[in-house]
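Take a look at the structure set out below.
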Amino acid sequence: MLLLAVLCFVTPLAFAQVSTASAADQRAQAVTQVVLGILSYARWPVEPAQLRLCIVGPTQYTDDLVKGTTQATGRPVVVQRLLADNPAIVNACDALYIGKLAPEERSRLFSALIGHPVLSISEGGDQCTVGSLFCLRVSDEQVSFEVNLDSVARSGVRIHPSVLQLSRRRAPEP
Numbered sequence: 027m028l029l030l031a032v033l034c035f036v037t038p039l040a041f042a043q044v045s046t047a048s049a050a051d052q053r054a055q056a057v058t059q060v061v062l063g064i065l066s067y068a069r070w071p072v073e074p075a076q077l078r079l080c081i082v083g084p085t086q087y088t089d090d091l092v093k094g095t096t097q098a099t100g101r102p103v104v105v106q107r108l109l110a111d112n113p114a115i116v117n118a119c120d121a122l123y124i125g126k127l128a129p130e131e132r133s134r135l136f137s138a139l140i141g142h143p144v145l146s147i148s149e150g151g152d153q154c155t156v157g158s159l160f161c162l163r164v165s166d167e168q169v170s171f172e173v174n175l176d177s178v179a180r181s182g183v184r185i186h187p188s189v190l191q192l193s194r195r196r197a198p199e200p
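Residue numbers (the working numbering): 27 to 200.
In structure tokens, the structure reads:
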């Protein structure tokens with residue numbers, strides 16, 4: 027049985043930034059905040075000193091992420107782009123940010139991840155039913171996400187239960 031929890035992790039300040047930033051830049055910054063938030067709730071069997079986030083496939087919102095960043099804890103996050111069929115993914119990545127992939131590519135990627143503690147975040151669409159742990163929902167007002175509890179249970183990555191508390195937070199109705 028597939029279990030999905032719809033969670034909102036709203037980043038209101040990201041959209042209230044300086045008006046000189048384009049809407050696309052603001053969405054990219056908000057996505058970065060949400061991705062870093064998700065990563066902060068994750069624990070790997072062996073905690074990496076330097077978290078390795080790999081971007082796979084064409085993406086819309088990673089312009090801010092690819093600059094590299096540091097988590098609130100001070101742990102650096104190294105970001106690199108890899109092809110979906112790169113066999114190094116399972117050993118070179120602690121987390122994946124997945125963009126648009128053909129169904130066959132997505133299937134091969136998730137098959138390769140079986141048995142490896144890799145956190146996966148899909149940029150959009152309905153990928154949460156296909157193996158991603160987290161699926162982003164990006165709009166002009168907020169960035170939210172869904173979590174696939176079945177995928178989390180199988181991933182080998184522990185997600186702090188506090189992330190489920192975010193499901194109770196909703197953006198204010200317009």
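All C-beta atoms, glycine included, are put in the ideal place defined by N, C-alpha and C.
Residue i versus the options, residue with shortest Cα-Cα distance
| i | options | result |
| --- | --- | --- |
| residue 103 | 66, 55, 172, 188 | 66 |
| residue 173 | 187, 154, 166, 165 | 154 |
| residue 101 | 83, 125, 116, 69 | 69 |
| residue 146 | 121, 138, 113, 188 | 121 |
| residue 73 | 105, 90, 179, 144 | 144 |
| residue 118 | 142, 58, 71 | 142 |
| residue 59 | 171, 134, 137, 48 | 171 |
| residue 123 | 184, 139, 83, 140 | 83 |
| residue 85 | 78, 188, 108, 136 | 108 |
| residue 180 | 49, 158, 187 | 158 |
| residue 88 | 188, 187, 134, 162 | 162 |
| residue 188 | 136, 48, 64, 150 | 64 |
Residue i, buried or exposed, once every other Cβ within 10 Å from all chains shown has been counted against 16
| i | result |
| --- | --- |
| residue 166 | exposed |
| residue 130 | exposed |
| residue 106 | exposed |
| residue 97 | exposed |
| residue 177 | buried |
| residue 94 | exposed |
| residue 111 | exposed |
| residue 76 | exposed |
| residue 50 | exposed |
| residue 81 | buried |
| residue 148 | buried |
For residue j and residue i, the rounded distance between their alpha carbons
| i | j | result |
| --- | --- | --- |
| residue 99 | residue 54 | 21 Å |
| residue 114 | residue 138 | 10 Å |
| residue 127 | residue 160 | 16 Å |
| residue 183 | residue 79 | 14 Å |
| residue 91 | residue 52 | 12 Å |
| residue 156 | residue 150 | 12 Å |
| residue 185 | residue 134 | 24 Å |
| residue 62 | residue 116 | 20 Å |
| residue 164 | residue 136 | 23 Å |
| residue 71 | residue 168 | 32 Å |
Three-state class that DSSP yields for residue i in the structure shown
| i | result |
| --- | --- |
| residue 82 | strand |
| residue 75 | coil |
Exercise for the section: List in chain order: all unbroken beta strand (DSSP E) runs of 3+ residues lying wholly within the segment 93-172. Expected result: 102-108, 121-124, 145-148, 160-164
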